[in-house]
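Counting from 240, one number per residue, gives the positions in the sequence shown under my numbering.
All residues carry an ideal CB built from backbone N, CA and C; glycine is no exception.
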Amino acid sequence: MDKIAVLPLFGSLYFISQGSAKKAFIYYFLPVLTFMPTYYQTKLVPGIPELSFWSAALIPIFIVWVTRDGMEGFKFTIFDGIVLLYLLCIFYGEFSNSSYKIAQKVFFNEVIARFIPYLMIKSFFTDQKTRVEIIKVIVICGAIIAVGMIWEFKQSYNIFDKPIRNLWPTWVPWERPMRRWGFKRAFASFAHPICAGYFYAVISPMAFWYWKGDYIPKKYKKWAPKIYALSVIGCLTAMSRAPMAGLALSLLIIWYGWAKDRKKVMSYLLVIFTIFFVVFFPKIWAYVNVKRTDAETVDQRNAAYRSEMIENYRSIVEERPYFGWGRFGVPWVEGQKSIDNEYLFTALTSGKVVLYLFDFLMIFQGLKLLMFVFKHPYNNEEARLGWCFLGALLSAAFIMYTVYAGTQTVQYLFMLLGMSEGLCNSKILLKKGKSQEKQQKLALEVGNGYHFSRTL
Numbered sequence: 240m241d242k243i244a245v246l247p248l249f250g251s252l253y254f255i256s257q258g259s260a261k262k263a264f265i266y267y268f269l270p271v272l273t274f275m276p277t278y279y280q281t282k283l284v285p286g287i288p289e290l291s292f293w294s295a296a297l298i299p300i301f302i303v304w305v306t307r308d309g310m311e312g313f314k315f316t317i318f319d320g321i322v323l324l325y326l327l328c329i330f331y332g333e334f335s336n337s338s339y340k341i342a343q344k345v346f347f348n349e350v351i352a353r354f355i356p357y358l359m360i361k362s363f364f365t366d367q368k369t370r371v372e373i374i375k376v377i378v379i380c381g382a383i384i385a386v387g388m389i390w391e392f393k394q395s396y397n398i399f400d401k402p403i404r405n406l407w408p409t410w411v412p413w414e415r416p417m418r419r420w421g422f423k424r425a426f427a428s429f430a431h432p433i434c435a436g437y438f439y440a441v442i443s444p445m446a447f448w449y450w451k452g453d454y455i456p457k458k459y460k461k462w463a464p465k466i467y468a469l470s471v472i473g474c475l476t477a478m479s480r481a482p483m484a485g486l487a488l489s490l491l492i493i494w495y496g497w498a499k500d501r502k503k504v505m506s507y508l509l510v511i512f513t514i515f516f517v518v519f520f521p522k523i524w525a526y527v528n529v530k531r532t533d534a535e536t537v538d539q540r541n542a543a544y545r546s547e548m549i550e551n552y553r554s555i556v557e558e559r560p561y562f563g564w565g566r567f568g569v570p571w572v573e574g575q576k577s578i579d580n581e582y583l584f585t586a587l588t589s590g591k592v593v594l595y596l597f598d599f600l601m602i603f604q605g606l607k608l609l610m611f612v613f614k615h616p617y618n619n620e621e622a623r624l625g626w627c628f629l630g631a632l633l634s635a636a637f638i639m640y641t642v643y644a645g646t647q648t649v650q651y652l653f654m655l656l657g658m659s660e661g662l663c664n665s666k667i668l669l670k671k672g673k674s675q676e677k678q679q680k681l682a683l684e685v686g687n688g689y690h691f692s693r694t695l
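Shown next as structure tokens:
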């Protein structure tokens, strides 16, 4: 029964036979990626890496996009090359620590999970109408999953995992329920509550933009705030503190970016951050800066675990600083095999070269978004979307300090980078700001002779 993971491949073949690879990617692949767990995998023949639901759906769409559709919308940018260099360094690090066969498999999986979704969504996102459709599909999928997470949170039954698990012939991890404050921490199709919270912290700013946009048909307008509310609820039902804090951080960034009087908002933000660092940060630091043996609660013990983990693994990173130990060669510290920090995990497995490239990808795209948003008025729709992406990117960067980024968060992080790159490279504005519209209207009236100016 594990071969059911290949079924989405036939769905892809049907969709691409009926239309473009772009439509198949948006309306078929994105839902499959979001709804179906990524940790169910099957092997078809020896020598070919395992396939999951999402990869089985993506591969034929990508092949048709390249061969039949001529890579519709694609235009090479420097950022593409940096992403590819990042993946090649992962390959070299794995090859230097294991064998070509293992390195080839790791490279294939990384290209499928990171590069191809990034490349395709970046290419499609430069088109005005397509980017709205992409965001619509993503946030609607997130809202539907959030409904299931509410049920899981209350009834402790995961409708996205349990039916597949009952059919699967072998044991698959990620079945252990986790609780906090007496409730089950929901995770839906994302394997772990932190990954679920991470996903919603990234898409919630997009849902906010979709809600506040002026392009939604009136008959569907009433659904937009509900979609955003469900995105926030999805983050809350995961009951993970880092994603909640990341979501709050993204909202503060959007508040500043969308404000007409940014100086006033900045003064409010300075007050908020001052109060936080003076009043709350010392208490938080004292709470987490303890040994696990001295922790008084489970949550405090988890926080202490992360602090000890960084100290214990720092010397191991320095033993092989450049290209790491490989995915399967890290000498794990006893009692700390769970690396709850994406940056540390990257340094251990692939080395500092890959870690710095990863950091550079995030920083480079963040700076590019900043330059983009400040070129346009505060109420420009594309600039507002840029602020949402910036908030989501900073939120993701913060969250990964407390979690290994796995499952769908890998694809969504690189698709976020792709959407940001596509937005920054788009030449046509999706929606002009109101101030621009007034100026253009005035210019048109002047040209038609309705308004006159006198030169002295």
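Residue i versus residue j: straight-line alpha-carbon distance, rounded
i: I379; j: I455; result: 13 Å
i: V510; j: K460; result: 35 Å
i: V441; j: F268; result: 19 Å
i: R540; j: L283; result: 43 Å
i: F512; j: G436; result: 23 Å
i: L583; j: T365; result: 34 Å
i: M310; j: W304; result: 5 Å
i: A296; j: S259; result: 14 Å
i: A631; j: Y640; result: 15 Å
i: N619; j: K393; result: 41 Å
i: S674; j: Y617; result: With a pLDDT of only 42 at S674, under the threshold of 50, the placement of this residue in the model should not be trusted; the figure read from the coordinates follows. Distance between the alpha carbons of S674 and Y617: 10 Å.
i: P416; j: K423; result: 7 Å
i: I555; j: P570; result: 8 Å
i: K591; j: G625; result: 30 Å
i: G485; j: I287; result: 38 Å
i: K503; j: W494; result: 11 Å
i: G452; j: K499; result: 16 Å
i: C663; j: K368; result: 16 Å
i: L469; j: E581; result: 27 Å
i: R480; j: F519; result: 15 Å
i: R404; j: T273; result: 17 Å
i: I514; j: P521; result: 11 Å
i: V649; j: R623; result: 24 Å
Member of the options whose CA lies at the smallest distance from the CA of residue i
i: S291; options: I492, T513 and Q647; result: Q647
i: L596; options: F562, N580 and G574; result: F562
i: A244; options: Q394, Q280 and I265; result: Q280
i: I317; options: S337, G590, L358 and V556; result: L358
i: M410; options: I341, T273, D598 and D400; result: In the sequence as displayed, the identity of residue 410 is Trp instead of Met. Nearest of I341, T273, D598 and D400 to W410, Cα basis: D400.
i: E660; options: G630, H615, F611 and V642; result: F611
i: G657; options: M601, G332 and I298; result: M601
i: L252; options: V376, N580, F274 and I302; result: I302
i: W413; options: G473, G645 and P247; result: G645
i: R419; options: R307, D538 and R501; result: D538
i: I265; options: I398, V345, M388 and K375; result: K375
i: K607; options: L629, G473 and I514; result: L629
i: K262; options: F363, E349 and P247; result: F363
i: T277; options: F249, Q257 and D241; result: D241
i: G473; options: L406, E391, L491 and P521; result: E391
i: L327; options: E573, N348 and H615; result: N348
i: S443; options: I433, K457 and I466; result: I466
i: S704; options: Y552, N551, G605 and A385; result: In the structure as shown, the chain begins at 240 and stops at 695. Residue 704 is therefore absent and cannot be evaluated.
i: I433; options: W293, L652, I492 and D579; result: D579
i: F653; options: N397, L587 and V350; result: V350
Residue i at chain C interface by Cβ criterion, 8 Å
i: S443; result: Here there is only one protein chain, and chain C is not present.
DSSP three-state assignment for residue i, whether helix, strand or coil
i: Q280; result: strand
i: R480; result: helix
i: R566; result: coil
i: F422; result: strand
i: S291; result: strand
i: W626; result: helix
i: V642; result: coil
i: D319; result: helix
i: M417; result: coil
i: M519; result: Reading off the sequence shown, one finds Phe at residue 519, where the question assumed Met. DSSP places F519 in helix when its eight states are reduced to three.
i: M240; result: coil
i: S362; result: helix
i: N348; result: helix
i: F264; result: helix
i: N618; result: coil
i: T536; result: coil
i: M310; result: coil
i: K530; result: coil
Expected contact under 8 Å - CB spacing of residue i and residue j to nearest Å
i: V593; j: I329; result: 6 Å
i: Y439; j: G381; result: 6 Å
i: P299; j: I255; result: 7 Å
i: G250; j: S589; result: About 34 Å separates the two Cβ atoms, so there is no contact after all.
With three or more beta-carbon pairs closer than 8 Å as the criterion, would you say the stretch 321-328 touches the stretch 349-358? Segment contact: the stretch 321-328 against the stretch 349-358, three or more CB-CB distances shorter than 8 Å; contact assigned.
Counting Cβ pairs, one atom from each stretch, are 3 or more of them under 8 Å apart for the stretch 425-435 and the stretch 538-547? Taking 8 Å as the limit for Cβ pairs, the verdict is that the stretch 538-547 does not touch the stretch 425-435.
Report yes or no: do the stretch 336-350 and the stretch 627-637 share at least 3 C-beta pairs separated by less than 8 Å? With the cut-off at 8 Å, the stretch 336-350 and the stretch 627-637 do not touch.
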